[in-house]
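Have a look at the structure below, then the notes.
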Amino acid sequence: MTEAADAHAPATLPKTYDPAATEARWQGAWEAAGAFRADPGAPGEPFSVVIPPPNVTGSLHMGHGFEAALIDTIVRFQRLQGRNVLCLPGTDHASIAVQTILEKQIRAEGGHKDDLGRDAFLERAWSWKAQSEGTIKGQMRRLGYSVDWSRERFTLDPDLSAAVVEAFVRLHEQGLIYRGEYLVNWCPASGSAVSDLEVEMKELEGQLWHFRYPLSDGAAGGIDHLVVATTRPETMLGDTGVAVHPTDPRYAALVGRTITLPLVGRAIPIVADEHVDPAFGTGCVKVTPAHDPNDFAIGARHGLPLITVMAKDGTMNEAAGRFAGLDRFEARKAVVAAMEAEGLLVKVEPHRHSVPYSDRGKVPVEPLLSTQWFVKTEPLAARCRDALERGEPRFVPERWARVYRDWLTDIRDWCISRQLWWGHRIPAWFVVSETDGVITETTPYVVARGEAEARARAEERFGAAAAAAGRALQLEQDPDVLDTWFSSGLWPFSTLGWPDETSADLATWYPTSTLVTGFDIIFFWVARMTMMAGAFLQEGEVPLGGRDTWIPFRDVMIHGLVRDENNRKMSKSAGNGIDPLPLIERYGADALRFALVREVAGAGQDIRLDYHRASGASSTVEAARNFANKLFNATRFALMNLGGETPASLGLPPLAELESEDRWLLSRLARTSAQAAELYAGYRLGEAAKLLYEFAWNDLCDQYIEWSKPRLAAEDPADRRVARGVLAYSLEALLRMLHPLMPHLTEELWHGLTGSSADTFLALQRWPQPEAAWVDAEHESAFQFGIDAVRAIRNLRALSGVKPAEKLSVGIHTATAARQAFVAANREKIARLVGAANLHWEPEPTAGQLLGIVDSDAQVGLTVPLQSLEALRSRLEKDLARAEKEIAGLAGRLANPNFAGKAPAEVVAECRENLAEAEAQAELARRRLKELG
RNA sequence: GCCCGAUUAGCUCAGCGGUAGAGCGCCUGCCUUACAAGCAGGAUGUCGCUGGUUCGAACCCGGCAUCGGGCACCA
């Protein structure tokens, strides 16, 4: 109760809002109370979100902050709607990224991971993870993320690791995982294979070397050599053929003959293959099946041998002969030099081409033949495509569905093994006793859930033969780990308890309601999750557990990226990431959240945060901070004027007792509440933010509070009680509506306003339910006249140059009885708002007044010595010009017979009204100008 | 090469068939006891160009230009 008492002692409230202490206090209170702990048994329709787990690679940047703001806004809104909400946090182990960081650290210390050994390295990785995770969780708390920390997960947690093993075993049993020797993207920097998605094509200025390859057995048809072009001379050492197009007349006679490969001396065949473009270069292509994906395909078609000339560290191997040991780029120079020395270099041309780079390693990837594990993707992708045909999942904005679908079409198999240590070890055990104690391409293996199961399975298959041969079975687990995205792909169900199908969390919250993520990981993650779900959350075509779908989320909201002040994508490697913390410290988490969300109204567009790196200032966030301060002061004002009462104690007065501004505000409130709910629910969060901003600042503060001020301080208790009731009710409703966007501030102000005890939270209240019947266009337009009249009078005052403090005699002239009644009823309020000594309202203006136009039916007048006729004249001329321009346009339209004939009747009627209005205004302006002489 | 997005006030962006809005910035005047992180008043745009559809286009359709992004990739 001390809290409420404090809140109701306005003298103690400062004039500006200080977010830091307030935000920390509520974050602590929510967490201590377990306010966001989800309960499968709780009432309400389930609503769930699993947050995209950030990598434990350091800290969160503004992009994460943006995503957090979006997710938390959605989640808090749904909580206010009474849904049984789960918002599940977690982090991702980010195999290759973390290992890269650690290896770099170790190298900087002068060591090497191989000297450290696997166990020590992993120990170090875990401590890095603990530190990074701590930082990230601290940042999430600072943002006010309303997640259920009791359900926090990390992808390497024991239960999630068990899920990974289970997934691997089942996919293997389904025949969707296989092991084989293929050309993979090898990243020499990380010493591991990477998937196609981890390769980025870079356009580079390179060179095209033309080599002469002599025919083995002399000239044929006048040709004794072929010229091939290559961007990678060093690979010629592994050439096992030369290809020409089957219909190319120049070379038809040569197909089937052989070339003697220079520098190597190997005889290699000339083959005919459709892949060759006769128009490019000489129309002859060297074929290096072990070092180029296209050549690999050509080689396969023609049975060409695979000769690997490079080792996994990017140096040439023994098969490269005298070039062995050279780095691939040195080897390139050496091969070119050798060819030139032999007179076989025809020419070198500059050549722009795309080079595959490793995303993580930042070096060119090497297509390298190696034995890896793969997921057969087509069957899984097919299920996802079918689901998408049915509209599952629903993408917001819709256009991303196509991007997702296109990627799932013509999808290639997914290389999932990584030659790394940090990650989920592949649950496959090689029966090395079958191959002399070492792992080779042909060593048999068993896939199992653990070593014991592996041993049992191995025993079953190889035990008898081994015993017969007098060998003891010897098992060795595959040293490699799985692609990080393999475990991320299970995230929406592994975090909910899968593979335990009886898990209450899974039963309650799967499928999840909404996935919020960036367009840059639709392939990496969204598609992998749907594919994995397709393998495990359905049986045949039927979703498990009696669900209506196995797709892991109903909606996928795709957001844009936060770009830096120079419009660049933020990234760790570019070092241009913006840290949210300094902005939070400077302006408050609520301000940052509000700014980020308000900026996003254009669905799915990238946002640019204006941010002056040197000063740390951001005018966008500052504007949001100012808004927070406005709300703070509005509430402060309310507390000073409610006489210690609360929304509950005041209640809402009967409609019959309400005055114009009360009815107007409640009508606006009812509209706003309905609209804002619709916008939030439809993920149009930026529009919701703008709508509420306008309601709060324009309607509640600028209009309602200013109009009702005299009543709030009125002598008569009955009188002021009505205004207090309306103010308290509306402000409280506003705080509820803004809570998803600015959780801490609204929680604080709500407690101040309602006097609720510290263990009751706005976060757990309900969305306001104003009566739909309060929406009343007539009351709104009646009051709008008051607003317009006040503005016209103030404008006139400004033009007249009278001192602001000077009280004037003011007239409002209208022939409409209802408007006269409005002025009469609100005389004191209006007089106060415009600084009038007395306010009168006759139908027609009296002589000697300075007049201004409200509309065709109303003028306002000041009795004032004319000081600046010029200002007034130019104002009237402007009014006239505007009216005349409007008349011209409207009259033109009405004169068009097609318009009257084809446009909807109400549009035509409106047009006529506007024309009459404009004509009347023009006439008034002309008269006033004439009077001015 | 294929696909997608953007182009609106000085800046950052909303609006997406009935004749243009916000925030910041700018101009004028105000410390009017909720708020100067504020109040009042004000100015500012051939809505990228070009055809078309329509009674009517910033908004729909076609083309073009510029910028950004994704996918594929010929040595």
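Numbering-wise (the working numbering), the first sequence opens with residue 688 and increments by one.
For every residue, glycine included, the Cβ atom is placed at its ideal position computed from N, Cα and C.
Identify, in the order they occur along the chain, each residue of the same chain with its Cβ nearer than 6 Å to the Cβ of residue i, setting aside the five sequence neighbours on each side.
i            : result
residue 745  : 819
residue 1539 : 1479, 1483, 1547
residue 770  : 731, 732, 734
residue 692  : Bear in mind that the predicted position of residue 692 carries a pLDDT of just 37, short of 50, making it too unreliable to give a figure here.
residue 1337 : 1411, 1412, 1415
residue 1181 : 847, 850
residue 1082 : 1088, 1243
residue 1333 : 1441, 1442
residue 1018 : 921, 1003, 1010
Run through DSSP, which three-state label would residue i get?
i            : result
residue 973  : strand
residue 1333 : coil
residue 793  : helix
residue 848  : helix
residue 1385 : helix
residue 950  : coil
residue 766  : helix
residue 1647 : Nothing can be reported for residue 1647: it is not among the residues displayed for the chain, which extend from 688 to 1620.
residue 1292 : coil
residue 937  : coil
residue 1601 : helix
residue 688  : Any reading at residue 688 must be qualified, since the residue scores a pLDDT of 33, below 50, and its modelled position is unreliable; the value itself is stated next. Here residue 688 sits in coil by DSSP.
residue 802  : helix
residue 1274 : helix
residue 859  : helix
residue 1058 : strand
residue 1192 : helix
residue 1550 : strand
residue 1489 : coil
residue 1585 : helix
Under 7 Å Cβ to Cβ from residue i, same chain only, skipping five residues before and after it: list those, please.
i            : result
residue 974  : 926, 927, 928, 929, 930, 982, 985, 986, 991
residue 1446 : 720
residue 1062 : 858, 863, 864, 1100, 1101, 1103
residue 1265 : 748, 749, 1251, 1257, 1296, 1298
residue 1513 : 1347, 1473
residue 1532 : 1498, 1500, 1538, 1546, 1548
residue 887  : 1044, 1046
residue 1014 : 1001, 1002
Quick one: measure Cβ to Cβ for residue i and residue j, integer angstroms, because I've assumed they're closer than 8 Å.
i            : j            : result
residue 993  : residue 1056 : 6 Å
residue 1549 : residue 1497 : 6 Å
residue 750  : residue 1231 : That pair is no contact at about 35 Å.
residue 879  : residue 1164 : Going by Cβ atoms, the distance from residue 879 to residue 1164 rounds to 17 Å, so no, they are not a contact pair.
residue 957  : residue 942  : 6 Å
residue 789  : residue 725  : Incorrect: roughly 35 Å between the Cβ atoms, too far for contact.
If I measure Cβ to Cβ from residue i and keep anything under 8 Å in the same chain, skipping five residues before and after, which residues do I get?
i            : result
residue 1379 : 1359, 1363, 1421, 1424, 1425, 1428
residue 882  : 872, 1101, 1102, 1103, 1170, 1172
residue 1303 : 1269, 1270, 1273
- Message: Taking contact to mean 3 or more Cβ pairs, one atom from each stretch, closer than 8 Å, check whether the region 1556 to 1564 and the region 1468 to 1488 are in contact.
- Response: Taking a contact to require three or more Cβ pairs closer than 8 Å, the region 1556 to 1564 and the region 1468 to 1488 qualify as touching.
- Message: Assess contact between the region 1395 to 1403 and the region 1299 to 1313, defined as three or more Cβ pairs (one per stretch) separated by less than 8 Å. Is contact present?
- Response: Judged by Cβ distances under 8 Å, the region 1395 to 1403 makes no contact with the region 1299 to 1313, as fewer than three pairs qualify.
- Just list the alpha helix (DSSP H) runs in the region 1073 to 1148, keeping only unbroken ones of 4 residues or longer that don't cross its boundaries, in chain order. The qualifying runs are 1087 to 1095, 1138 to 1145.
- Query: Which ranges does the alpha helix (DSSP H) cover as unbroken runs of at least 4 residues, wholly within the region 700 to 763, from first to last along the chain?
  - Reply: Fully contained in the region 700 to 763 are the following alpha helix (DSSP H) runs of length 4 or more, in chain order: 706 to 720.
- Query: Taking three-plus beta-carbon pairs below 8 Å as touching, is the region 1039 to 1051 in contact with the region 1201 to 1216?
  - Reply: No, the region 1039 to 1051 is not in contact with the region 1201 to 1216.
- Query: Do the region 762 to 771 and the region 1446 to 1462 make contact, defined as three or more Cβ pairs closer than 8 Å?
  - Reply: Yes, since at least three Cβ pairs between the region 762 to 771 and the region 1446 to 1462 fall closer than 8 Å, the two stretches touch.
- Task: Report yes or no: do three or more beta-carbon pairs, one from the region 943 to 950 and one from the region 896 to 907, lie closer than 8 Å?
- Result: With a cut-off of 8 Å on Cβ pairs, the region 943 to 950 is in contact with the region 896 to 907, counting three or more such pairs.
- Query: What beta strand (DSSP E) runs, 3 residues minimum, are completely inside the region 968 to 1051?
  - Reply: Complete beta strand (DSSP E) runs here, min 3: 971 to 974, 1032 to 1045.
- Those runs of the alpha helix (DSSP H) which lie wholly inside the region 1354 to 1437 and span at least 4 residues: With a minimum length of 4 residues, the unbroken runs of alpha helix (DSSP H) contained wholly in the region 1354 to 1437 fall at 1372 to 1381, 1393 to 1399, 1404 to 1425.
- Query: Does the region 1598 to 1616 touch the region 1564 to 1581, meaning 3 or more C-beta pairs lie closer than 8 Å?
  - Reply: Using a Cβ-Cβ distance cut-off of 8 Å, the region 1564 to 1581 and the region 1598 to 1616 are in contact, since at least three pairs of beta carbons, one from each stretch, lie closer than that value.
- Query: Should the region 1141 to 1161 be called in touch with the region 810 to 824, which here means at least 3 C-beta pairs below 8 Å?
  - Reply: The region 1141 to 1161 vs the region 810 to 824: no contact.
- Hey, is the region 701 to 716 in contact with the region 1158 to 1173, meaning 3+ C-beta pairs nearer than 8 Å? At 8 Å Cβ cutoff, the stretches do not touch.
- Message: Taking contact to mean 3 or more Cβ pairs, one atom from each stretch, closer than 8 Å, check whether the region 1150 to 1162 and the region 1089 to 1100 are in contact.
- Response: Taking 8 Å as the limit for Cβ pairs, the verdict is that the region 1089 to 1100 does not touch the region 1150 to 1162.
- Query: Any contact of the region 786 to 806 with the region 1122 to 1141, i.e. 3+ C-beta pairs under 8 Å?
  - Reply: Segments in contact, no.
- Just checking, does the region 1277 to 1286 make contact with the region 1438 to 1445 on the three C-beta pairs under 8 Å criterion? Between the region 1277 to 1286 and the region 1438 to 1445, the count of Cβ pairs shorter than 8 Å is below three; the stretches do not touch.
- Item | At least three beta-carbon pairs within less than 8 Å, the region 1023 to 1040 to the region 834 to 847 | Here the region 1023 to 1040 does not lie against the region 834 to 847, with fewer than 3 beta-carbon pairs under 8 Å apart.
- Task: Entirely within the region 1207 to 1276 and at least 3 residues each: give me those beta strand (DSSP E) ranges in chain order.
- Result: Listed in chain order, they are 1240 to 1246.
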